[in-house]
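Heads up: the structure comes next, in structure tokens.
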Amino acid sequence: MPVWILSDRFKKMIYTARSLSRVLLFDDVRESIIRVCRKIVPDVGSKDLDTDRTGHADFSLKLFRLSGKPDFDQLKENIVITLRNEIYVDSVTVEGNYLNIKVKDLSYLDIMDTSIKEKGVFPDTFQDPERVLLEHTSTNPTGPIHIGRSRNSIVGDSLSRVLKRYGYRVSTQYFVNDTGKQVMGLYLGYRKSKERIVDIPHLLEGYRNVYREIEEDKGKEKEIEALIKKYESGDPAVVREVREICTVMLKGIISSLARIGIKIDDYVWESGFLKSEEMNDVLSALSERIKTENDAQFIELSNGSKVFLRRADGTSLYTLRDLAYHKFKSLNYDWLIDVLGEDHRDYAKSLNEILQEMVNLRSKISFVFYSFISLDSGKMSTRSGNVVTLDELIEKAEQNALEIVKSKRPDLPDDDLHKIASAVAVSAIRFQIAKISLGKELVFKWSEALNLEGDSAPYIMYSYARTTKILKEARVDGNMSTVFDKYESSLIRKLYLYPYSLQAAKDGLRVDPIASYVLELVRSFNDFYNNCRVVGSGEHEVKRAKIVSIYRHVLKDASYLLGITLLDEM
RNA sequence: GGGCACGUGGCCUAGCCUGGAUAGGGCAAUAGCCUCCUAAGCUAUAGAUCAGGGGUCCAAAUCCCCUCGUGCCCGCCA
Numbered sequence: 000m001p002v003w004i005l006s007d008r009f010k011k012m013i014y015t016a017r018s019l020s021r022v023l024l025f026d027d028v029r030e031s032i033i034r035v036c037r038k039i040v041p042d043v044g045s046k047d048l049d050t051d052r053t054g055h056a057d058f059s060l061k062l063f064r065l066s067g068k069p070d071f072d073q074l075k076e077n078i079v080i081t082l083r084n085e086i087y088v089d090s091v092t093v094e095g096n097y098l099n100i101k102v103k104d105l106s107y108l109d110i111m112d113t114s115i116k117e118k119g120v121f122p123d124t125f126q127d128p129e130r131v132l133l134e135h136t137s138t139n140p141t142g143p144i145h146i147g148r149s150r151n152s153i154v155g156d157s158l159s160r161v162l163k164r165y166g167y168r169v170s171t172q173y174f175v176n177d178t179g180k181q182v183m184g185l186y187l188g189y190r191k192s193k194e195r196i197v198d199i200p201h202l203l204e205g206y207r208n209v210y211r212e213i214e215e216d217k218g219k220e221k222e223i224e225a226l227i228k229k230y231e232s233g234d235p236a237v238v239r240e241v242r243e244i245c246t247v248m249l250k251g252i253i254s255s256l257a258r259i260g261i262k263i264d265d266y267v268w269e270s271g272f273l274k275s276e277e278m279n280d281v282l283s284a285l286s287e288r289i290k291t292e293n294d295a296q297f298i299e300l301s302n303g304s305k306v307f308l309r310r311a312d313g314t315s316l317y318t319l320r321d322l323a324y325h326k327f328k329s330l331n332y333d334w335l336i337d338v339l340g341e342d343h344r345d346y347a348k349s350l351n352e353i354l355q356e357m358v359n360l361r362s363k364i365s366f367v368f369y370s371f372i373s374l375d376s377g378k379m380s381t382r383s384g385n386v387v388t389l390d391e392l393i394e395k396a397e398q399n400a401l402e403i404v405k406s407k408r409p410d411l412p413d414d415d416l417h418k419i420a421s422a423v424a425v426s427a428i429r430f431q432i433a434k435i436s437l438g439k440e441l442v443f444k445w446s447e448a449l450n451l452e453g454d455s456a457p458y459i460m461y462s463y464a465r466t467t468k469i470l471k472e473a474r475v476d477g478n479m480s481t482v483f484d485k486y487e488s489s490l491i492r493k494l495y496l497y498p499y500s501l502q503a504a505k506d507g508l509r510v511d512p513i514a515s516y517v518l519e520l521v522r523s524f525n526d527f528y529n530n531c532r533v534v535g536s537g538e539h540e541v542k543r544a545k546i547v548s549i550y551r552h553v554l555k556d557a558s559y560l561l562g563i564t565l566l567d568e569m
């Protein structure tokens, strides 16, 4: 017999708030409190109600702003009385200039449990009709992807998962640069090599040689320019070979990304836009504004800066190809999101102005910028060889994790050890990047990258493994106690806050709020774990098993967004 | 030189958008905790002029201005 009988009662009483967001569906207690307050003081805003972090309450209504009102005391009293009548409200107290509201543990638990039981998910969402195209990574196929660029991939991938989770229809794309100087430099290196071997090490060596030569003699760039011309004029041999070389490089990048669980939906080749309809559309939209300077074509922006579209020899520049690409994207998507390095900030601003004001793109465009990751030895660069590639990092991380798991679990067979080590390594890499807000520059340090304690993925994974064991042994059916101690209480509260962090992530196009949230959640669970025995806890057992199972659910949900692989045993 | 971003204990970081009750975590350090659901965990101690200065405000890490430091951009590169 299910003892979870309060659901219907609460469901009827609590306002299902869609106003917090269009696509997250859950019984939003916070929204409901604001609604109640507004009945009495219409100008109470969302800002006046804090989600309290100080431990005084669940939600705090700040009275500073209201205290100027002539009938303040009466209003305050009315709010208190009205809130106390809400079915989900446990207590309302006035402390100084704060009105502290506590919600019933059972209310929270019931909201989450009902959602999971009925919808299979908390919070539930409905499908937003907006189609989102998220472009990320798009690194030049001139070498293996390095850890600096992988910040783009990791954040981009998690962001796409967040938006999907939130209810958007999301596709991801990688814009493959197979046109322009860098790639032609790569191709030139290949042509100059004796053996003409198309594999990554040989190509990379040729590429580095070319740029070494150019550094000594700038005149050597002419060779690249000549190749660009040949390529853009459609010389079949050149086109074929460039595609072949880029494909080899791209395959390397794709397989590196796959190792950390990233799969991009579509790869769109830049060369495809050279003579495309989208290119024509862009050019005709801009035709009135195009000016020339020594035969090179440019347009002028509102701030007076020049943006060049074509070289004097008629070959295209990146901006032009990218404009065509964005035009292409806008045909099928309502919201375009580009994840770009911070070096692209000004570029994106220009691109945006051209697209919105001159090409009149219909889609909404957002840019997400990330700061660079550098090494102790300075800036990362594929050409100079001062890089740590993603593959190197993965390999070392796996090795490191394997040693640790071997020492901790000598009882496990080799297969399991490798499985665990791999999940730990990949999750740790992703989490370490995802948890840092994008504006921070990072200096990569091996000691930090390989540390698996504290605010790390294994910390999260470990707590999940604990839940597996608990739920395997705990009694989950029967009468449920409805008395909650402080550890249960704070874990329940933390769980309930999950939708708010999803909201923060979506609003800011960030993934670090989810990471911060998960760490807080796990800490709260550990507190609970260390103080509340579940298995064999008598009257508490069913209730605690319920809390653990909701925890497990939310943890799984959030971990997926961050690319953390959870294991039942580790 | 101009523009943009960042600056929080020795190190890394959350909080800043939307000002409000003791600035949360982690690493490193010290002292403890496995006859009890996995110690990749937990507890305790120590450690913060929230870069500096000014301003607004009843109230500033948070908003505004100035200064300093770091990174990035200012290409007929991408």
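Taking numbering that gives the first Met the number 0, the leading residue of the first sequence gets 0, the next gets one more, and so forth. Each residue gets a CB set at the ideal place from its N, CA and C atoms; glycine is no exception.
CB-CB length for residue i against residue j, believed under 8 Å
i, j, result
"L501", "Y550", "Their Cβ separation, rounded to whole angstroms, is 16 Å, which puts L501 and Y550 out of contact at 8 Å."
"I469", "V534", "6 Å"
"D333", "E540", "So it is not a contact: roughly 49 Å between Cβ atoms."
"Y97", "L65", "Incorrect: roughly 11 Å between the Cβ atoms, too far for contact."
"T136", "S152", "4 Å"
"Q126", "R168", "7 Å"
"I244", "L202", "6 Å"
"E440", "S373", "7 Å"
"I393", "I253", "Actually they are not in contact, since the Cβ atoms of I393 and I253 sit about 14 Å apart, beyond 8 Å."
"S370", "K434", "S370 to K434, Cβ: 14 Å. No contact."
"V238", "L226", "Wrong, their Cβ atoms sit about 11 Å apart, outside the cutoff."
"Q310", "L316", "In the sequence as displayed, the identity of residue 310 is Arg instead of Gln. About 6 Å separates the two Cβ atoms, so the contact holds."
Contact under 8 Å by Cβ, residue i with residue j
i, j, result
"F527", "Y463", "no"
"K101", "D72", "no"
"S329", "L282", "no"
"D321", "S170", "no"
"I513", "A504", "yes"
"S426", "E397", "no"
"G188", "Y206", "yes"
"M569", "I403", "no"
"S489", "S523", "yes"
"R543", "S436", "no"
"V547", "T481", "no"
"P498", "F25", "yes"
"V209", "G233", "no"
"A448", "V423", "no"
"D156", "I261", "yes"
"Y186", "V22", "no"
"I33", "I78", "no"
"L496", "T53", "no"
"I563", "F366", "no"
"E617", "T314", "Past the boundaries of the shown model lies residue 617; the chain is included only from 0 to 569, so the question cannot be answered."
"K75", "V88", "no"
"L162", "V131", "yes"
"K219", "E277", "no"
"D312", "K221", "no"
Residue(s) in a DSSP beta bridge with residue i
i, result
"S90", "K101"
"V306", "I298"
"L62", "DSSP, once it has assigned bridges, lists no residue as partnering L62."
"I625", "In the structure as shown, the chain starts at 0 and stops at 569, and residue 625 therefore has no counterpart that could be examined."
"Y369", "G340"
"Y266", "Y173"
"G377", "L374"
"E134", "Q172, D337"
"K290", "F297"
"S315", "R309"
"Y325", "The residue asked about is misnamed: residue 325 is His in this sequence, not Tyr. In DSSP, H325 forms no bridge with anything."
"L566", "Paired residue(s): none; L566 is not in a bridge."
Write down every uninterrupted run of the beta strand (DSSP E) in the stretch 328-353 whose length is 3 residues or greater and which is fully enclosed by it, in chain order. 334-340
Indicate whether the contact test is met: 3 or more Cβ pairs, each with one atom in the stretch 514-524 and one in the stretch 64-84, closer than 8 Å. no
4-residue-minimum alpha helix (DSSP H) runs that sit fully inside the stretch 458-502, ordered along the chain: 485-495
Within 8 Å, do at least three Cβ pairs link the stretch 254-272 to the stretch 161-181? yes
Just to confirm the assignment: which complete beta strand (DSSP E) runs, minimum length 3, are found wholly within the stretch 382-452? 441-443
Taking one C-beta from the stretch 143-150 and one from the stretch 247-260 each time, how about it: are there three or more such pairs within less than 8 Å? yes
How do the stretch 338-352 and the stretch 286-297 stand: do at least 3 beta-carbon pairs fall below 8 Å, yes or no? no
Are three or more beta carbon pairs between the stretch 290-310 and the stretch 349-363 nearer than 8 Å? yes
To test your reading of the DSSP string, which unbroken alpha helix (DSSP H) runs of 4 or more residues are found completely within the stretch 148-201? 180-191
Would you mind listing the beta strand (DSSP E) stretches within the stretch 526-565 that are 3+ residues and don't spill past its ends, in chain order? none
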